[in-house]
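Okay, structure first, notes after.
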Amino acid sequence: MSEKSSKPRSVEFRGGGFAPVSHRWVGLVVFIVLIVLAEVGTQTGFISALTMPKPSDVLETFHQLYVSGLLWKHLVPSITRLLVGATLGITVGIWVGVMIGLFSYVRAGLVPLVAAIFPIPKIALLPLFVIWFGIDEASKYALIAFGTFTPTVVATYGAVDNVDRTLIRMGQSFGLSWTSIVRKIVLPGAMAGILSGLRISMAIAIILLVAAEMLGAEYGIGAYILEAGSLYDLERLFAGVVILSVMGVLVSAAISAVERKLLGWRT
Amino acid sequence: MDIRLSGINHSYDDLEVLRDVTLDIPSGKIVCVVGPSGCGKSTLLRLIGGLERPTSGEILQMGDVPENCLNPLTYVFQDFALLPWRTVHGNISLVLEDHGIRGARAQVIIDDVLERTRLTDFAKALPRQLSGGMKQRVAIARALAVNPAVMLMDEPLSALDSQTRELLIDDLVALWSRTPFTAVYVTHNLAEAVRLGHLIVVLSRRPGEIREIVEIDKPLADRRYADPDLEIQQKRLWDLMREEARAADEELIHV
Ligand SMILES: Nc1ncnc2c1ncn2[C@@H]1O[C@H](COP(=O)(O)OP(=O)(O)OP(=O)(O)O)[C@@H](O)[C@H]1O
Ligand SMILES: [Mg+2]
């Protein structure tokens, strides 16, 4: 203060950023800008037709697919596989994860096992599943279930470990039954971690769905993409990829909706 | 219901925490436990509430529990221990649900304890919307809902600022004056102890032994903030504890 008498200045603001603010429209704008760029590029010939199809052509292909009824023929089996496989894997995964989180013997027995099967690329096991469960739907369900199981287990027991122990102590001190403590304290407390694990599990489920369908399915998004790829039919290939992306976005939106419903108390 | 501790010793592995603690907790009285950091106050409370077993010695419940008592030994925690995803109402109904008390019967109890803790207007609020003092009042309301024989309070006001603490002391005195309850009240704060305690148990540093039990006759309702009688008692307690506290403090540094 005493050194030089300069003019009074206002204090500079430096506290911005690092706080998540919802700007959902930005994501949409990014999508639209990319699509418009691709359209302009392909129309003007700046992007060669061999490297990328026109977005408008892809849209037209998509329309054909819809009109011919083939869209549902491919989508219905894919969505069924995804739902059955993921539900199976996630249900068992959450259950096993909670058991690992609650019982030290289960933890000692299963954590090394989970660590051992986590890094196996599950696609490599498809032939095995075909032998075990047959070439039909069951082997695809098993693949997706197995693929979603391990990340769900890991996320769940991590989340259970992070539940505030003083809340559990509180439950015990009021004489709540074991099941009440698990249902009313442990599970809600772990829900945030379980749901963020679900995002990863569901993405893995979609990847495995396509892989399984590419390896042997008449109908399904994976089969559709494989067929288009082998014919170098870029429009259909892109249409298939877009369907997958939309599935990913929808699954993510569904999880967000569940989060808003179940974790509303956090904000 | 009285509680009698006789010859309690407790150790964690090689660490002796409590030595030969013998103490009666008479029904309808607040027993404050003071002592330097780490002397085993919280441990003593966990032993009384059955969350841990003493290495040796006996803890007896004498006489019958009150009517409609759902949980004879009930804690109030320093950090409130409220479920953040349940409303005030839900946090209280949590401890009733397991006893099959739901619906209208639960509502009667919840309304009563919310009224006694002056929280009636906040039944639908979530814990994060409440101030620290209100959170602790919710925790007290939850404890009252199970109509405990003995309340076990581990530094219930330590997480609060000093004004809020004064207000809550008044609330506790008012609650007790309306319906006397039995409590073991652990605290670091001697001013709190002389305001709330009928009996004040002074523990030595670890291993905690009973140094002295001070009885304060003045009725709770007549005790005031900065009451000269109480200041004298408080000073006497501090003289008893000063050396112990200093030694305990230095011990912790050397660990
Ligand atoms: N579960 C435990 N295992 C091992 N040591 C423990 C355990 N709980 C407490 N201790 C040790 O026992 C001693 C007494 O702990 P306690 O928490 O009862 O003290 P306290 O008087 O409540 O202390 P504070 O005033 O800091 O709350 C401490 O040295 C502590 O480190
Ligand atoms: Mg303590």
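Line by line, the protein sequences give chains A and B. Heads up, the first sequence stops at 291 in the numbering used here, and the numbers go up one at a time, no gaps. Heads up, the second sequence stops at 283 in the numbering used here, and the numbers go up one at a time, no gaps. Cβ atoms here follow ideal geometry from the backbone N, Cα and C, with glycine treated the same way.
C-alpha distance - residue i paired with residue j, whole-angstrom precision
i	j	result
L137/A	M123/A	14 Å
D199/B	T145/B	7 Å
F153/A	V266/A	29 Å
E279/B	G109/A	59 Å
L239/A	R48/A	37 Å
G161/B	F105/B	13 Å
V292/A	G113/A	This structure leaves residue 292/A out entirely; chain A is present only between 25 and 291.
Q191/B	R165/B	15 Å
W266/B	I168/B	28 Å
S159/B	H38/B	37 Å
G199/A	T102/B	9 Å
S80/A	E63/A	7 Å
F150/B	V136/B	16 Å
L52/A	E242/A	34 Å
A183/A	R223/A	14 Å
R38/A	I241/B	56 Å
P77/A	A281/A	34 Å
P235/B	T111/A	55 Å
D189/B	K69/B	22 Å
S72/A	T66/A	6 Å
V177/A	A109/B	27 Å
Q89/B	D41/B	27 Å
K152/B	D140/B	15 Å
S128/A	E272/B	40 Å
Beta-carbon gap between residue i and residue j smaller than 8 Å
i	j	result
V222/B	V61/B	no
P155/B	K163/B	yes
F173/A	A166/A	no
S201/A	D255/B	no
R105/A	I155/A	no
S34/B	E95/B	no
L261/A	G246/A	no
T210/B	G91/B	no
W204/B	L172/B	no
V116/B	L147/B	yes
L150/A	A263/A	no
T180/A	I118/A	yes
G66/B	A275/B	no
H87/A	Y248/A	no
S225/A	P175/A	yes
R239/B	L227/B	no
R130/B	L122/B	no
G171/A	A132/A	no
L134/A	V120/A	yes
V178/B	P100/B	yes
Minimum Cβ-Cβ distance from residue i to chain B less than 8 Å
i	result
P212/A	yes
T70/A	The identity of residue 70/A in the sequence shown is Phe, whereas the question assumes Thr. Closer than 8 Å: no.
I209/A	yes
W289/A	yes
Residue i at chain A interface by Cβ criterion, 8 Å
i	result
W113/B	yes
V123/B	yes
N99/B	yes
A109/B	yes
Y40/B	no
Y213/B	no
F209/B	no
F105/B	yes
T50/B	no
V229/B	no
D182/B	no
T145/B	no
L154/B	yes
V174/B	yes
D255/B	no
T102/B	yes
D267/B	no
D198/B	no
A140/B	The residue you asked about is not Ala; residue 140/B is Asp in the sequence shown. Not closer than 8 Å to any Cβ of chain A, the Cβ of D140/B fails to qualify, so no.
Return the residues of the stretch 158-180 of chain A that lie within a Cβ-Cβ distance of less than 8 Å from chain B, sorted by chain order. Contacts with chain B (Cβ-Cβ distance below 8 Å) from the stretch 158-180 of chain A involve no residue at all.
Using a Cβ-Cβ cut-off of less than 9 Å, give me the residues of the stretch 187-207 of chain A that come near chain B, in sequence order. Residues passing the 9 Å Cβ filter: D188, T190, L191, R193, M194, G195, Q196, S197, F198, G199, L200, S201, S204.
Listed from N- to C-terminal order along the chain, which residues in the stretch 68-89 of chain B have their beta-carbon within a distance smaller than 8 Å of any beta-carbon of chain A? Listed in sequence order: G77, L79.
Three CB pairs or more closer than 8 Å across the stretch 207-220 of chain A and the stretch 269-289 of chain A: Contact between the stretch 207-220 of chain A and the stretch 269-289 of chain A is present, because at least three Cβ pairs lie under 8 Å.
Taking contact to mean at least 3 C-beta pairs separated by less than 8 Å, is the stretch 205-219 of chain B in contact with the stretch 54-72 of chain B? The stretch 205-219 of chain B is in contact with the stretch 54-72 of chain B.
Does the pairing of the stretch 247-257 of chain A with the stretch 74-84 of chain B give three or more beta-carbon distances under 8 Å? Result no; under three Cβ-Cβ pairs closer than 8 Å.
Is there contact here, the stretch 29-48 of chain B with the stretch 267-282 of chain A, by at least three beta-carbon pairs under 8 Å? No, because fewer than three Cβ pairs between the stretch 29-48 of chain B and the stretch 267-282 of chain A fall closer than 8 Å, the two stretches do not touch.
Would the stretch 191-198 of chain A and the stretch 84-104 of chain A be scored as touching if the rule is three or more Cβ pairs under 8 Å? They do not touch, by the three-pair rule.
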